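**Q** Residue numbers (the UniProt record's numbering): 1 to 95. One structure, pasted below without further comment.
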C-alpha cells in the first residue's frame, strides 16, 4: 500500500481552477483502492477537462499499482463510455 493516503487531482489554466477531485486510499476486502469522491468541474471549463482529470487519475493508478473506485456520477459515466480505462476501474459492474 502506498505511503500517501490522499491525492488531489487538480486541473488549472491561467491561475484558475478548472477541475478538482480528491482520491482517498481505502482498504476493501479485495485490497487497497483509490476512492474518487466528489468531482468539481468549473462551469466555464473547456470540454476536454474531464479527459485531463482522468489522465491524471490513470497516472496515479499506474504509479501506485492500484485501481480507482469512482463514486461521483460524472466519473462513473466517463468510465462507462471510455473502456480504455476499464483496467483501472475498481468495482466495475459485471454487465
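From the three backbone atoms N, C-alpha and C, an ideal C-beta is built for every residue, glycine too. Keep in mind it's a predicted model, so treat the numbers as computed, not measured.
Put residue 93 into one of helix, strand or coil per three-state DSSP.
**A** coil
**Q** Could you tell me which of 69, 19, 28 and 37 sits nearest to residue 52, measuring between CA atoms?
**A** 19
**Q** Can you tell which of 78, 15, 3 and 93 has the C-alpha that lies nearest to the C-alpha of residue 47?
**A** 78
**Q** How many angstroms separate the CA atom of residue 30 from the CA atom of residue 68?
**A** Between the alpha carbons of residue 30 and residue 68 lies a gap of roughly 12 Å.
**Q** Considering Cα atoms alone, identify which of 24, 28, 35 and 40 is closest to residue 12.
**A** 40
**Q** Which runs of the beta strand (DSSP E) fall wholly inside the stretch 40 to 81 and span at least 3 residues, in chain order?
**A** 68 to 70
**Q** So, for residue 90: in the same chain, excluding its five sequence neighbours on each side, which residues have a beta-carbon less than 7 Å away from its beta-carbon?
**A** 33, 67, 68 and 69
**Q** Tell me the DSSP secondary structure of residue 6 in three-state form.
**A** Strand, per DSSP.
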